[in-house]
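Asker: After the structure tokens below, expect a handful of questions from me.
Protein chains: 2
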Amino acid sequence: MLPFENLVRIDRGLRQPAYQQIASALQKHIRQGTIAPGLLLPGTREMARVLSVHRKTIIAAYDELAAQGWLEVEPKRGFRVTPGLPEVQVNRPGDPAFGPATFSTGFYRLEPEIPPIPVPAQAGPYRLAIDDGHPDPRLAPVELLLREYRSRFRRNRHVVRPLENGAAGAARLRETLSAFLAQTRGLQAAAANIMITHGAQMAIFLAARMLLRPGDVVLVGEPGYYVANQLFEELGASVVRVPVDDTGIDTRTVADICRKEAVRALYIVPHHHHPTTVTLSPERRMKLLALAREYDFAIIEDDYDFDFHYSSAPYLPLAASGGQDRVIYIGSFGKALTTTIRIGFMVAAADLIVQAAACRRLVELRGDTQMEEALAVLIENGTMARHLKKVNKIYRERRDLLCRLLEEQLGHVIRFSKPDGGMAVWTRFEPAFPLAAISDAVARKGLFMHKGTLFDSPGQSYHAIRFGFASLNEQELREAVSLIRQACDSLQMP
Amino acid sequence: MLPFENLVRIDRGLRQPAYQQIASALQKHIRQGTIAPGLLLPGTREMARVLSVHRKTIIAAYDELAAQGWLEVEPKRGFRVTPGLPEVQVNRPGDPAFGPATFSTGFYRLEPEIPPIPVPAQAGPYRLAIDDGHPDPRLAPVELLLREYRSRFRRNRHVVRPLENGAAGAARLRETLSAFLAQTRGLQAAAANIMITHGAQMAIFLAARMLLRPGDVVLVGEPGYYVANQLFEELGASVVRVPVDDTGIDTRTVADICRKEAVRALYIVPHHHHPTTVTLSPERRMKLLALAREYDFAIIEDDYDFDFHYSSAPYLPLAASGGQDRVIYIGSFGKALTTTIRIGFMVAAADLIVQAAACRRLVELRGDTQMEEALAVLIENGTMARHLKKVNKIYRERRDLLCRLLEEQLGHVIRFSKPDGGMAVWTRFEPAFPLAAISDAVARKGLFMHKGTLFDSPGQSYHAIRFGFASLNEQELREAVSLIRQACDSLQMP
Numbered sequence: 001m002l003p004f005e006n007l008v009r010i011d012r013g014l015r016q017p018a019y020q021q022i023a024s025a026l027q028k029h030i031r032q033g034t035i036a037p038g039l040l041l042p043g044t045r046e047m048a049r050v051l052s053v054h055r056k057t058i059i060a061a062y063d064e065l066a067a068q069g070w071l072e073v074e075p076k077r078g079f080r081v082t083p084g085l086p087e088v089q090v091n092r093p094g095d096p097a098f099g100p101a102t103f104s105t106g107f108y109r110l111e112p113e114i115p116p117i118p119v120p121a122q123a124g125p126y127r128l129a130i131d132d133g134h135p136d137p138r139l140a141p142v143e144l145l146l147r148e149y150r151s152r153f154r155r156n157r158h159v160v161r162p163l164e165n166g167a168a169g170a171a172r173l174r175e176t177l178s179a180f181l182a183q184t185r186g187l188q189a190a191a192a193n194i195m196i197t198h199g200a201q202m203a204i205f206l207a208a209r210m211l212l213r214p215g216d217v218v219l220v221g222e223p224g225y226y227v228a229n230q231l232f233e234e235l236g237a238s239v240v241r242v243p244v245d246d247t248g249i250d251t252r253t254v255a256d257i258c259r260k261e262a263v264r265a266l267y268i269v270p271h272h273h274h275p276t277t278v279t280l281s282p283e284r285r286m287k288l289l290a291l292a293r294e295y296d297f298a299i300i301e302d303d304y305d306f307d308f309h310y311s312s313a314p315y316l317p318l319a320a321s322g323g324q325d326r327v328i329y330i331g332s333f334g335k336a337l338t339t340t341i342r343i344g345f346m347v348a349a350a351d352l353i354v355q356a357a358a359c360r361r362l363v364e365l366r367g368d369t370q371m372e373e374a375l376a377v378l379i380e381n382g383t384m385a386r387h388l389k390k391v392n393k394i395y396r397e398r399r400d401l402l403c404r405l406l407e408e409q410l411g412h413v414i415r416f417s418k419p420d421g422g423m424a425v426w427t428r429f430e431p432a433f434p435l436a437a438i439s440d441a442v443a444r445k446g447l448f449m450h451k452g453t454l455f456d457s458p459g460q461s462y463h464a465i466r467f468g469f470a471s472l473n474e475q476e477l478r479e480a481v482s483l484i485r486q487a488c489d490s491l492q493m494p
Numbered sequence: 001m002l003p004f005e006n007l008v009r010i011d012r013g014l015r016q017p018a019y020q021q022i023a024s025a026l027q028k029h030i031r032q033g034t035i036a037p038g039l040l041l042p043g044t045r046e047m048a049r050v051l052s053v054h055r056k057t058i059i060a061a062y063d064e065l066a067a068q069g070w071l072e073v074e075p076k077r078g079f080r081v082t083p084g085l086p087e088v089q090v091n092r093p094g095d096p097a098f099g100p101a102t103f104s105t106g107f108y109r110l111e112p113e114i115p116p117i118p119v120p121a122q123a124g125p126y127r128l129a130i131d132d133g134h135p136d137p138r139l140a141p142v143e144l145l146l147r148e149y150r151s152r153f154r155r156n157r158h159v160v161r162p163l164e165n166g167a168a169g170a171a172r173l174r175e176t177l178s179a180f181l182a183q184t185r186g187l188q189a190a191a192a193n194i195m196i197t198h199g200a201q202m203a204i205f206l207a208a209r210m211l212l213r214p215g216d217v218v219l220v221g222e223p224g225y226y227v228a229n230q231l232f233e234e235l236g237a238s239v240v241r242v243p244v245d246d247t248g249i250d251t252r253t254v255a256d257i258c259r260k261e262a263v264r265a266l267y268i269v270p271h272h273h274h275p276t277t278v279t280l281s282p283e284r285r286m287k288l289l290a291l292a293r294e295y296d297f298a299i300i301e302d303d304y305d306f307d308f309h310y311s312s313a314p315y316l317p318l319a320a321s322g323g324q325d326r327v328i329y330i331g332s333f334g335k336a337l338t339t340t341i342r343i344g345f346m347v348a349a350a351d352l353i354v355q356a357a358a359c360r361r362l363v364e365l366r367g368d369t370q371m372e373e374a375l376a377v378l379i380e381n382g383t384m385a386r387h388l389k390k391v392n393k394i395y396r397e398r399r400d401l402l403c404r405l406l407e408e409q410l411g412h413v414i415r416f417s418k419p420d421g422g423m424a425v426w427t428r429f430e431p432a433f434p435l436a437a438i439s440d441a442v443a444r445k446g447l448f449m450h451k452g453t454l455f456d457s458p459g460q461s462y463h464a465i466r467f468g469f470a471s472l473n474e475q476e477l478r479e480a481v482s483l484i485r486q487a488c489d490s491l492q493m494p
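As they're listed, the protein sequences go chains A and B.
Quick note on my numbering: the first sequence kicks off at 1 and runs consecutively.
Quick note on my numbering: the second sequence kicks off at 1 and runs consecutively.
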């Protein structure tokens, strides 16, 4: 309920009777839109109590306003502000109440301004969506996670660890990860080297925030992860793109650039490069570490895909191969759980973690430390390991099925190569088949699909999408591919 | 399990027998610390399968390493890497594995560097904590929220709304808030004016990021919310402190400053100013809006406490009183739920929301849109309104109890005034009772309490804490106050 005692002031000193003072005060607020059209006013008894006047006074005020058309009586419910009054200053349906910002100085825009993601004409909701590599939330151990989570609230006396609600994350999860990282990827990190973040993206943000200042050079793969590139540019860094081939980022080009200019940092996705899904070879990993030492730059190693391998075993992180002094290692549990339960982590020098936590506090104070503790339990009791084993098998089958379907039904339309792991297939379309048109066509059939421009960069158009297979079951994959096939066929009609 | 197939390469061409190649490869990784001390190696069968050699070969390799002391046999479990080998390069217990950052250029530090929060000697965990104004998670409708949340995963086919996983938050919650804000505080905002954030702090960050550039002047209350001040300084803004008295920030001083220099933004907490808990008077609200227009600055209105009033009704936000063109309004559900389920919101001009969402995407992609939808359901079905009514009654009782206890037991030690609402009492200690010593003393009894320096600013020491009462029940409040009393008494002993 609105705080009417503050909206309506009755001055006993005035000649004007109280009911009129109330009526005109309410009318003023209805005009201004502070009392919204269609709003049901409090009952006369309630309003009389709130304004501490006699109920008859309220009835008189309401009747007065009803007579003037400001209120309408709703049988059995009471008085409602008449909807659609022309005099009322509120938003017409559709257009935002606030309109555009009118600070005459304007607010600062992001520079360079971030282009909106082009979306199909159709607004959705969709029956199906081709994401660029999300896990299937239907397979995630959400029930087990939430059971642990809820038990933390059921306790009569909640656990008190004020020092632990730190921006670096729940102490228990940091300890647990210390062991988990050693067992899974040979990474020796103490809890003090580990920070829990709100998804891997926040770890990338904090690493970039710590490393980059306007004008600094950061090397990225081309094609590459557009969100990271936008972030680096937004921080004022100069983003230099290095070609990515079948074994990852081209180290020879990296060396050439280092000889020419001072490089501050290198951003890589060593397992299943985003978007092309190639794996960085061990030789190149060693080469990059050597270059980082020789030319004194930092490596941001975004290894969010480490846990998902189907045709081969993963390689150890650069951070594990003696690169601890140079590398900020980033991982995520988002792919193991869901894209909405966002828990990522950063592994780095202890003093850098302290700074990153201080910086994180300014952005969002802290994460959901209770959820972080619940996740720690799932890792400790082996649930996470079992889950990863299970979904690796299922996602492998989905990858194989999708690749077979693409082969059979879209062989003449696309080019792709089967990824060793991860959750998406880098799918390039032949120019004869415009992705924008295909996207619109399948949208009308209830399938969301990107328009293929996400990964374009200055002077480079890939006409490609990352075809996420992990979140779609067999039937959904078949439907998605056949809808695309139909769209392509209809495009070829004379 | 570690990816041993990539750690151990067997070269059939070599003279050296396979078991020796395996043994030396494993030894190398144990030395480097990639295979951690104490780690249980895979069984001989499993390892033979992984490396595709005969099991006898693995047994020979393990025996060799055991003979050299690298491994030790654990009956019934297998071979374990010997802990505490001097030659192994890993962290000694206690010190972080990575040590300090050794980038010779170093990484950039936050400037000004953010001081760590001073904490008691005692490390915790604590039986009790005096927070600076948190809700009681034991009262939160977490069960109902999580029921809605879980139901979203149980569905065989998850809802597909790719366009909605936007950084601006779940569309359903934005729509629901549009109505909720009109009904509770007379704020007319369309969904396009509303962005869901990860806690109110992220809304403050985004607003500041949009408004402030290095050198810009931002006005804040003194004493004030130190995290916001640190954020503004970190963004390079020049923070100018304006005295706060019993009716809020001193508008005369604001006017004086505006006459002298260009002011870019003003940050206020209109209900229960942080830390002093005073409420900004309606007259001053109008004055601030007038000044904002006259001198062309923006107002960041952090109204996180709007929903918690005990002795009086809340005033309408500046954003509702015709200030829509000048004000960025910030609210939160963190206080209504728990401090860990962090859902806040920002209300502003539509084009500013678009920019803020683009900026948020670079920091953390998106929030937990499923949790946001679950919260929307609780607001729509009236659970939230009932919950707020319930806790307002309980928190009022706790406030009254705490104030009585402070009066009775610490009257000679502290000064405070009873807050109209919110979750904390601004409690200033007499110089004769050093807070640092009291904090350490109660910590030894299991009570966490800040050292009273959080709100100090250059040249200003308040020797005060915000005594959070909402998260402590009657018994806990009594215990906390009596522990402080005991500490004070012992300090006075000759």
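The beta carbon of each residue, even a glycine, is placed where N, CA and C say it ideally should be.
Name, please, each residue of chain B whose Cβ falls closer than 9 Å to the Cβ of M202 (chain A).
Answerer: The sequence position of residue 202 (chain A) within the first sequence is 202, counting from 1. V363, E364, L365, listed in chain order.
Asker: Locate the beta strand (DSSP E) running through T330 (chain A), then write down its first and last residues.
Answerer: Position 330 of the first sequence, counted from the start, is the residue given in the question as residue 330 (chain A). One detail in the question is off: residue 330 (chain A) reads as Ile in this sequence, not Thr. Looking at the DSSP string, the run of the beta strand (DSSP E) that includes I330 (chain A) is 327-332.
Asker: Is it true that the CB of M202 (chain B) sits closer than 9 Å to the CB of E364 (chain A)?
Answerer: For this step, residue 364 (chain A) is matched to residue 364 along the first sequence. For this step, residue 202 (chain B) is matched to residue 202 along the second sequence. Yes. Within cutoff.
Asker: Residues of the region 287-314 of chain B in Cβ contact with chain A at a cutoff of 7 Å, in chain order, please.
Answerer: Result list: D296, A298, A313, P314.
Asker: Can at least three beta-carbon pairs, one atom from the region 139-156 of chain A and one from the region 126-143 of chain B, be found at a separation below 8 Å?
Answerer: Yes, the region 139-156 of chain A touches the region 126-143 of chain B.
Asker: When you check each C-beta in the region 218-248 of chain B against every C-beta of chain A, which residues fall closer than 8 Å?
Answerer: Listed by position along the chain: V227, Q230, L231, E234.
Asker: With the cut-off set at 9 Å, would you say L177 (chain A) and I204 (chain A) are in Cβ contact?
Answerer: Working through the first sequence from its first residue, we reach residue 177 (chain A) at position 177. Working through the first sequence from its first residue, we reach residue 204 (chain A) at position 204. No, Cβ-Cβ distance for L177 (chain A) and I204 (chain A) is not below 9 Å.
Asker: Looking only at DSSP bridge pairs, what is R415 (chain A) linked to?
Answerer: What you label residue 415 (chain A) is simply residue 415 of the first sequence in a count that begins at 1. Per DSSP, A:R428.
Asker: On the DSSP letters alone, give me the boundaries of the alpha helix (DSSP H) that N482 (chain B) sits inside.
Answerer: Counting from 1 along the second sequence, the entry for residue 482 (chain B) is found at position 482. Here residue 482 (chain B) turns out to be Ser, not Asn, going by the sequence shown. 474-492 is the span of the alpha helix (DSSP H), which, as asked, contains S482 (chain B).
Asker: Quick check on the DSSP output: the beta strand (DSSP E) that includes E74 (chain A) runs from which residue to which?
Answerer: Against the first sequence, residue 74 (chain A) aligns to sequence position 74. Counting along the chain, the beta strand (DSSP E) containing E74 (chain A) begins and ends at 71-74.
Asker: Go to R15 (chain B), then tell me how far its beta strand (DSSP E) extends in each direction, as first and last residue.
Answerer: Sequence index remark: in the second sequence, residue 15 (chain B) carries index 15 (1-based). Careful: R15 (chain B) lies outside any beta strand (DSSP E) and carries neither H nor E.
Asker: Looking at the secondary structure, which residues open and close the alpha helix (DSSP H) in which A376 (chain B) lies?
Answerer: Sequence index remark: in the second sequence, residue 376 (chain B) carries index 376 (1-based). Run containing A376 (chain B): 369-380, per the alpha helix (DSSP H) assignment.
Asker: Which ranges would you report for the alpha helix (DSSP H) in the region 200-279 of chain B if only whole runs of at least 4 residues count?
Answerer: Complete alpha helix (DSSP H) runs here, min 4: 226-234, 251-260.
Asker: For F308 (chain A), which of helix, strand or coil comes out of DSSP?
Answerer: As a position in the first sequence, residue 308 (chain A) is number 308, starting the count at 1. Coil, per DSSP.
Asker: Which residue or residues does DSSP assign as beta-bridge partners of M384 (chain B)?
Answerer: Mapped onto the second sequence, residue 384 (chain B) falls at position 384. None; M384 (chain B) has no bridge partner.
Asker: Does DSSP put Y462 (chain B) in a helix, a strand or coil?
Answerer: Here residue 462 (chain B) corresponds to residue number 462 of the second sequence, with the count starting at 1. Three-state result, Y462 (chain B): coil.
Asker: Count the other C-beta atoms from every protein chain shown that fall within 10 angstroms of the C-beta of I394 (chain B), then say buried if there are 16 or more, exposed otherwise.
Answerer: Reading the second sequence from its first residue, position 394 is the one you call residue 394 (chain B). Exposed, by the Cβ-count rule.
Asker: Does the Cβ of G468 (chain A) have 16 or more other Cβ atoms within 10 Å, making it buried, or fewer, making it exposed?
Answerer: The residue you call residue 468 (chain A) lines up with position 468 of the first sequence. Classification of G468 (chain A): buried, given that the 10 Å Cβ count is 16 or more.
Asker: So what does DSSP say about F345 (chain A), is it helix, strand or coil?
Answerer: In the first sequence, the residue the question calls residue 345 (chain A) occupies position 345. It is a strand residue.
Asker: Within a Cβ cutoff of 6 Å, which residues of the same chain sit near H158 (chain B), ignoring the five residues on either side of it in sequence?
Answerer: Within the second sequence, the letter at position 158 stands for residue 158 (chain B). Here H158 (chain B) scores only 49 on pLDDT, less than 50, and its place in the model should not be relied on; the value that follows carries that caveat. Same-chain partners within the cutoff: there are none.
Asker: Let me confirm a value: Q475 (chain B) is counted as buried when at least 16 other C-beta atoms fall within 10 Å, else exposed. Which label applies?
Answerer: Here the question's residue 475 (chain B) lines up with position 475 in the second sequence. Exposed, since its Cβ has fewer than 16 Cβ neighbours within 10 Å.
Asker: Over what stretch of residues does the beta strand (DSSP E) that includes I300 (chain B) continue unbroken?
Answerer: The sequence position of residue 300 (chain B) within the second sequence is 300, counting from 1. Where I300 (chain B) is concerned, the enclosing beta strand (DSSP E) stretches over 298-302.
Asker: In angstroms, rounded to a whole number, what distance separates the CA positions of T338 (chain B) and M384 (chain B)?
Answerer: Here residue 338 (chain B) refers to the residue found at position 338 of the second sequence. Here residue 384 (chain B) refers to the residue found at position 384 of the second sequence. Their Cα atoms are separated by approximately 13 Å.
Asker: Which value, in whole angstroms, describes the spacing of the CA atoms of L11 (chain A) and E5 (chain A)?
Answerer: By 1-based counting over the first sequence, the position of residue 11 (chain A) is 11. By 1-based counting over the first sequence, the position of residue 5 (chain A) is 5. Per the sequence shown, residue 11 (chain A) should be read as Asp rather than Leu. Each residue's alpha carbon lies about 13 Å from the other.
Asker: Is any beta-carbon of chain A found at less than 9 Å from that of F103 (chain B)?
Answerer: Here residue 103 (chain B) refers to the residue found at position 103 when the second sequence is read from its first residue. Any answer about F103 (chain B) is weak, because its pLDDT of 44 lies below 50 and its placement is not dependable; what the coordinates show is given next. Closer than 9 Å: yes.
Asker: Can you grab the Cα-Cα spacing for the pair V377 (chain B) / E148 (chain B), in whole Å?
Answerer: Within the second sequence, numbered from 1, the residue matching residue 377 (chain B) stands at position 377. Within the second sequence, numbered from 1, the residue matching residue 148 (chain B) stands at position 148. Taking the straight line joining both Cα atoms gives about 8 Å.
Asker: When you compare the CB of E479 (chain B) with every CB in chain A, is at least one pair closer than 9 Å?
Answerer: Walking along the second sequence from the start, residue 479 (chain B) turns up at place 479. E479 (chain B) does not count as touching chain A.
Asker: Looking at the C-beta of Q492 (chain A), does it have a partner C-beta in chain B at a distance below 9 Å?
Answerer: Numbered from 1 along the first sequence, position 492 holds the residue referred to as residue 492 (chain A). No, its Cβ sits nowhere closer than 9 Å to a Cβ of chain B.
Asker: Does DSSP put V53 (chain A) in a helix, a strand or coil?
Answerer: Along the first sequence, one-based indexing puts residue 53 (chain A) at 53. The answer is coil: DSSP assigns V53 (chain A) none of H, G, I, E or B.
Asker: Please list the terminal residues of the continuous beta strand (DSSP E) segment that includes T197 (chain A).
Answerer: Residue mapping note: residue 197 (chain A) aligns to position 197 of the first sequence, counting from 1. Run containing T197 (chain A): 194-197, per the beta strand (DSSP E) assignment.
Asker: Which first and last residues belong to the beta strand (DSSP E) in which F79 (chain A) is found?
Answerer: What you label residue 79 (chain A) is simply residue 79 of the first sequence in a count that begins at 1. Taken as a continuous stretch (DSSP letters only), the beta strand (DSSP E) holding F79 (chain A) covers 78-81.
Asker: Would D440 (chain A) count as contacting chain B if we go by Cβ distances under 9 Å?
Answerer: Residue numbering aside, residue 440 (chain A) sits at position 440 when the first sequence is read from its first letter. With 9 Å as the cut-off, D440 (chain A) does not count as an interface residue toward chain B.
Asker: Going by other Cβ atoms of all chains shown within 10 Å of its Cβ, with 16 needed for buried, is V73 (chain A) buried or exposed?
Answerer: By one-based count along the first sequence, residue 73 (chain A) stands at place 73. By the 10 Å Cβ count, V73 (chain A) comes out exposed.
Asker: Of all the residues that make up the region 123-157 of chain A, which are near chain B by a beta-carbon distance shorter than 9 Å?
Answerer: If the cut-off is 9 Å between Cβ atoms, the region 123-157 of chain A has A123, G124, P125, Y126, R127, L128, A129, I130, D131, D136, P137, R138, A140, V142, E143, L146, Y149, R150, R152, F153, R154, R155, N156, R157 near chain B.
Asker: Taking P275 (chain B) and F455 (chain B) to be in contact with their CB atoms under 8 Å, please state how far apart those CB atoms are, rounded to whole angstroms.
Answerer: Locating residue 275 (chain B) in the second sequence gives position 275, where the first residue counts as 1. Locating residue 455 (chain B) in the second sequence gives position 455, where the first residue counts as 1. With 8 Å as the limit, P275 (chain B) and F455 (chain B) qualify as a contact, their Cβ atoms being about 5 Å apart.
Asker: Check whether the Cβ of F205 (chain B) lies closer than 9 Å to any Cβ atom in chain A.
Answerer: For the purposes of this step, residue 205 (chain B) is taken as the residue at position 205 of the second sequence. Yes, F205 (chain B) lies at the interface with chain A (some Cβ there is under 9 Å from its Cβ).
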